[in-house]
Ligand SMILES: CC(C)(COP(=O)(O)OP(=O)(O)OC[C@H]1O[C@@H](n2cnc3c(N)ncnc32)[C@H](O)[C@@H]1OP(=O)(O)O)[C@@H](O)C(=O)NCCC(=O)NCCS
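The following block contains the structure:
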């Protein structure tokens, strides 16, 4: 064990880079607090990408982003500061994920989705193309999101309905 947060005072920010190992859980913001307090002292967090993730060459990852094994990030995706793209999540073309977001394991963001700062997208959820998820919104595990979610909105559960197939 290295010690408590004051261990950082023994190092110059220019000599080391930090990895934030705290997860982003529903209802907690410790990961963000730790990131912001170390950043305020001048420390940097490099983006981390698991070797078994696949990222198009056009993807932009901001500082401190963590991309886990099996994730796929397609063309012109941008992921904001300190966000997590968890195991086997799939983020399709032109999607924008802001800072301090958790895209949980197995999530699918279809093309052109926008996720605002601090949102949590629960495991296995699907967000259809063009949807906007508001700041600090919560999408429960397994939810199918077909409309925009307001800031601090909570959306839980699948939204399946029965309809006839339209005539072609
Ligand atoms: C949405 C969530 C935060 C709700 O948690 P909670 O407030 O503790 O909710 P509870 O477990 O008390 O459940 C409340 C009700 O909602 C239902 N519910 C909870 N989560 C649900 C979900 N994802 N889909 C459908 N129904 C859900 C429960 O069955 C319960 O229904 P009931 O009142 O009829 O029995 C949580 O269930 C969830 O989906 N978390 C995300 C998990 C995840 O993605 N983890 C990734 C970690 S890396």
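Residue numbers (this note's numbering): 793 to 960.
Think of the CB as a built atom: it goes at the ideal place given N, C-alpha and C, for glycine as much as any other residue.
By the DSSP assignment, the alpha helix (DSSP H) with residue i in it spans what residues?
{"i": "residue 867", "result": "That residue, residue 867, is in no alpha helix (DSSP H); it is neither H nor E in DSSP."}
{"i": "residue 830", "result": "822-832"}
So, is residue i buried or exposed, given that buried needs 16 or more other C-beta atoms within 10 angstroms?
{"i": "residue 814", "result": "exposed"}
{"i": "residue 925", "result": "buried"}
{"i": "residue 884", "result": "buried"}
{"i": "residue 900", "result": "buried"}
{"i": "residue 806", "result": "exposed"}
{"i": "residue 850", "result": "exposed"}
{"i": "residue 898", "result": "buried"}
{"i": "residue 802", "result": "exposed"}
{"i": "residue 794", "result": "exposed"}
{"i": "residue 914", "result": "buried"}
{"i": "residue 887", "result": "buried"}
{"i": "residue 935", "result": "buried"}
{"i": "residue 956", "result": "exposed"}
{"i": "residue 943", "result": "exposed"}
{"i": "residue 931", "result": "buried"}
{"i": "residue 829", "result": "exposed"}
{"i": "residue 799", "result": "exposed"}
Taking 9 Å as the CB-CB cut-off, is residue i touching chain D?
{"i": "residue 824", "result": "Reference to chain D is not applicable here, since this structure consists of a single protein chain."}
Across the segment 841-855 and the segment 917-927, are there enough close Cβ pairs to call them in contact, namely three or more that are closer than 8 Å? no
Counting pairs of beta carbons, one from the segment 869-879 and one from the segment 810-829, are three or more of them closer than 8 Å? yes
Please go through the segment 918-952 and give each complete beta strand (DSSP E) segment of 3 or more residues, from N-terminal end onward. none
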